[in-house]
Amino acid sequence: MLLIVEQFLNGLQFGLLLFLLAAGLTLVFGIMDFVNLAHGSLYMMGAYFAASFVAWTGNFIFGIVLALGATLLLGILLEFVALRHLYGRDHLDHVLATFGLILFFNDAVRLIWGPAGLALPLPAWLTVPIAIMPGIYYPAYRLAIIAVALAVALILYLVVMRTRVGMLIRAGASNREMIGALGINIKLLYTLVFGLGAALAGLAGLMQAPILTVQIGMGENILILAFVIIVIGGIGSIRGAFLAAIFVGMIDTLGRAFLPDLLRQVLSSSAASTAAPALSSMLIYLLMAIVLVARPEGLFPANRS
Amino acid sequence: MKVRLDARKAAAALVVVGLLLLPLYTSLSGNVFALTLFTRIVIFALAAASLNLIMGYGGMMSFGHAAYLGIGGYSVGILAAEGIGSGFIQWPVALLASALFALVIGALSLRTRGVYFIMITLAFAQMAYYVASGLARYGGDDGLTIYKRSDFGGLINLSNRVQFYYVCLACLLGGLYLIWRIVNSRFGMVVQGLRSNEARMQAIGFPATRYRLVCFVISGTLCGLAGALLANNTDFVSPAAMYWTRSGDLMVMVILGGMGSLFGPMIGAIAFLLVEELLSQVTEYWALIMGPLLLLIVLFGRGGIDGLLGRVRRA
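Here the protein sequences come in this chain order: R and L.
Residue numbering for the first sequence follows our numbering, beginning at 1 and increasing consecutively.
Residue numbering for the second sequence follows our numbering, beginning at 1 and increasing consecutively.
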């Protein structure tokens, strides 16, 4: 029981983290029609910035706020210098250019911070276990991630659905030329959206940082999970990304936790322990394959025309 | 028949002749390193050429092509580890395994288009990567050392550097010939037609997905051959062979050389790997230069080296 509740919460937490990453990716794709492989690099930069700023200021909250700002600025700079010239080009060009950026960021990090990973230590008040049910304790930090991510998801929803900027974003997604013709500064809007996506990726990275080590390439594997999520959810759909992210987070976590035991029921224990890691990492890709067979456009396609 | 000589053909011919004569140069100069480097380049040229078949001619942007390098390599490695050293068994198994993987992945991925296709192929290749990492019996993450190269009886000895180089070169030229024949066949015309206008081709009555799938499988099989060669070249195979950056490298080679040109990927592979080699001799942080270079190529150099050579003719 304890284990099930704990793994369930772990799955939720991982899913929400994936949502933060996937939301930025799907926003940028839905609005600018831009495929950003370097999104994972922004995630990594968020974590590195946080580790440095927290060590520098000696204050956790202050450090991560600075790191968020830094990732936002980096995203805006990136868009302004290079990526805005690629809108409207072939998707393949996007893939190549941002692939080049990944190479650049990985080596830049190696040059600045060195090849060894960094640790982002938590302040004492976030390390205490909290009783969520009588007798069941869960780390405060993981609860904090769940709370922050849910809050960000809610804010994102409110901004996109209820504000003027959100209205422009949605209008930009459905007809770019038209809102340009109506006198909206589309370039500024694009830069803002890209910066927002970068900040979301940075937030995901810096929140994950205390749980795992901060290291080069940390954004790459999780980026591919984010791709799987937006393919399952339907590219450009934030709602789809949210549901698919929770789903993928759960399946991945629960699969890793319980699949070995389940397999042991049917296979010999040695065969089970060999097959389980491979099978549990395959689970989400199998899920994606099933979704694609049933619904090639994803579960919640953004604009059905 | 009059053969028109233009810059592109001249460059391709020059490169092929250069590759054919390379062992002569290395044995005269004693520069063994160049032979090792170019063996690797020739193998990657084959992989890039196979990617070009679906990407350049078929319009299918596969971002998971390195998976076949891994599958071909692991076929050789696993068979060798289990005591089956004959290349007459290893290589056909490598081709068959790659073809089967391509068949399954293609059947699923070809249900999608455009950016979905890019992401799906990427995700499936990453799945193959994780499966290989989970193969505890065959080294898992650390990879698998191959103690003896594929054995072809007395016919050829792959442990001999020059012989192995010529085997790789023969595979490359054979692969290019095959691709040339495919592209100019009725089948190839249909696949290219599908790239240009799918609706029209379907209206004429061609089953789009079936044609694409066959093309996808041929490409995967060719790349599996490159994988078998690569494993023999390094005497080692590891999940890293199919890491997604490797797929990215292959894409870069194709685009650098020129998509949809027969010899483009070969020239692209030579250029990419030579630049990588040169930069890594200058600095440990070669990707710091390579990354922005790619960005610049995308921003300003459209059509790749092949396009550049094409412009030379027009000028």
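Cβ atoms here follow ideal geometry from the backbone N, Cα and C, with glycine treated the same way.
Computed from a predicted structure; not experimentally measured.
- [ ] Give the DSSP bridge partners of residue 145 (chain L), in chain order.
- [x] L:236
Open item on the list: Quick check: is the beta carbon of residue 267 (chain R) nearer than 9 Å to any beta carbon in chain L?
Closed with: no
- [ ] Have a look at the DSSP bridge pairing and note the partners of residue 133 (chain R).
- [x] R:136
Task: Completely contained alpha helix (DSSP H) runs for the region 60 to 119 of chain R, where each covers 4 or more residues - done: 60 to 81 and 91 to 113
TODO: Kindly indicate which residue of L:116, L:252, L:279 and L:193 has the alpha-carbon position closest to the one of residue 301 (chain L).
DONE: L:252
Open item on the list: So if DSSP puts residue 86 (chain L) in a beta bridge, which residue, or which two residues, is it bridged to?
Closed with: L:151
- [ ] May I ask you to report which of helix, strand or coil DSSP gives residue 216 (chain R)?
- [x] coil
Open item on the list: I want to verify the contact list: residues of chain R whose CB lies under 7 Å from the CB of residue 248 (chain L), in sequence order.
Closed with: 99
TODO: Please report the residue range of the alpha helix (DSSP H) in which residue 10 (chain R) lies.
DONE: Per DSSP, the continuous alpha helix (DSSP H) segment holding residue 10 (chain R) begins and ends at 2 to 32.
Task: Interface partners of residue 288 (chain R) on chain L, CB under 7 Å - done: 123
Task: Chain-ordered chain R contacts of residue 126 (chain L) [CB-CB under 7 Å] - done: 224
Open item on the list: Tell me the DSSP secondary structure of residue 290 (chain R) in three-state form.
Closed with: It is helical.
- [ ] Enumerate, from N- to C-terminal direction, the unbroken beta strand (DSSP E) stretches of 3 or more residues contained entirely within the region 24 to 98 of chain L.
- [x] none
Task: C-alpha gap between residue 52 (chain R) and residue 248 (chain L), whole angstroms - done: 30 Å
- [ ] Starting from the beta carbon of residue 104 (chain R), find every residue of chain L whose beta carbon is closer than 7 Å, and list them in chain order.
- [x] What residue 104 (chain R) touches in chain L: 287, 288, 291 and 292.
Open item on the list: By the three-class DSSP mapping on this structure, what secondary structure does residue 246 (chain R) have?
Closed with: Secondary structure at residue 246 (chain R): helix, using DSSP grouped into helix, strand and coil.
- [ ] Rounded to whole angstroms, what's the CA-CA distance from residue 92 (chain R) to residue 37 (chain R)? Just pull it up for me.
- [x] 11 Å
TODO: Measure how close the beta-carbons of residue 276 (chain L) and residue 290 (chain L) come, nearest whole angstrom, since I'm counting them as under 8 Å.
DONE: At roughly 7 Å, the Cβ-Cβ gap stays under 8 Å, so residue 276 (chain L) and residue 290 (chain L) are in contact.
Task: Contact under 9 Å by Cβ, residue 172 (chain R) with residue 75 (chain R) - done: no
Task: the region 104 to 132 of chain R: positions lying closer than 8 Å to chain L by Cβ - done: So the close ones are 104, 105, 106, 107, 108, 110 and 111.
TODO: Note down, in chain order, every chain L residue with its Cβ under 7 Å from the Cβ of residue 85 (chain R).
DONE: 299
Open item on the list: Along the chain, where does the alpha helix (DSSP H) containing residue 204 (chain L) start, and where does it finish?
Closed with: 198 to 204
TODO: Within its chain, find whatever has a CB closer than 7 Å to the CB of residue 81 (chain L); leave out the 5 residues flanking it on each side and keep chain order.
DONE: 138 and 144
Task: Positions along the region 36 to 50 of chain L whose CB lies within less than 8 Å of some CB in chain R - done: Result list empty, no residue passes.
TODO: For residue 306 (chain R), name the three-state secondary structure that DSSP assigns.
DONE: Outside the shown range of chain R (1 to 305) lies residue 306 (chain R), about which nothing can therefore be said.
TODO: Say whether chain L places a C-beta atom closer than 9 Å to the C-beta of residue 29 (chain R).
DONE: yes
Open item on the list: Closer than 7 Å between beta carbons: that is the criterion. Which residues of the region 259 to 272 of chain L meet it against chain R?
Closed with: none
Task: Where residue 235 (chain R) meets chain L, residues with beta-carbon distance less than 9 Å - done: 115, 116 and 119
Task: Cβ distance (whole Å) where residue 11 (chain R) is taken to contact residue 253 (chain R) below 8 Å - done: 4 Å between Cβ atoms; contact.
- [ ] Classify residue 127 (chain R) as buried or exposed, calling it buried when 16 or more other Cβ atoms lie within 10 Å of its own Cβ.
- [x] By the neighbour-count criterion, in which 16 or more other beta carbons inside 10 Å mark a residue as buried, residue 127 (chain R) falls on the exposed side.
Open item on the list: Which residues in chain R have a C-beta closer than 8 Å to the C-beta of residue 61 (chain L)? List them in chain order.
Closed with: 91, 92 and 95
- [ ] Taking only beta carbons into account, state which residues of the region 134 to 149 of chain L come closer than 8 Å to chain R, listed in chain order.
- [x] 134, 135, 136 and 137
Task: alpha helix (DSSP H) segment containing residue 235 (chain R), residue limits - done: No alpha helix (DSSP H) holds residue 235 (chain R); DSSP gives it neither H nor E.
- [ ] Verify whether the separation of the beta carbon atoms of residue 53 (chain L) and residue 215 (chain L) is less than 9 Å.
- [x] Yes. Within cutoff.
- [ ] Could you spell out the range, first to last residue, of the alpha helix (DSSP H) harbouring residue 56 (chain R)?
- [x] 39 to 57
TODO: Figure out for me which residue from R:77, R:271, R:107 and R:148 has the closest Cα to the Cα of residue 193 (chain R).
DONE: R:77
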